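Quick notes on the structure that follows.
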Amino acid sequence: MSGNDIYLWASYASGLFVLIALAVSSWRAKKQDENTLRQLEKQIQEHSEKQV
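Counting from 221, one number per residue, gives the positions in the sequence shown under my numbering.
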């Protein structure tokens, strides 16, 4: 390559960084959604037990 290696590797590195950041962000959002779902299911269970 004609002296453009630094730009090529910098673009690879920044692309990889973005992909990793998106994966981590998605994983954290999934965990938060799962916790919210558990809380809502617990509230539904408690509410249905009160009605019985």
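The beta-carbon is built from N, C-alpha and C at its ideal position, and this holds for glycine as well.
Because the structure is a prediction, the values reported are computed rather than measured.
Alpha-carbon spacing of residue i relative to residue j, whole angstroms
{"i": "Glu-269", "j": "Arg-258", "result": "16 Å"}
{"i": "Ala-243", "j": "Leu-236", "result": "11 Å"}
{"i": "Leu-239", "j": "Gln-265", "result": "39 Å"}
{"i": "Thr-256", "j": "Gln-271", "result": "23 Å"}
{"i": "Lys-262", "j": "Glu-254", "result": "12 Å"}
{"i": "Lys-250", "j": "Trp-229", "result": "31 Å"}
{"i": "Ser-246", "j": "Tyr-232", "result": "21 Å"}
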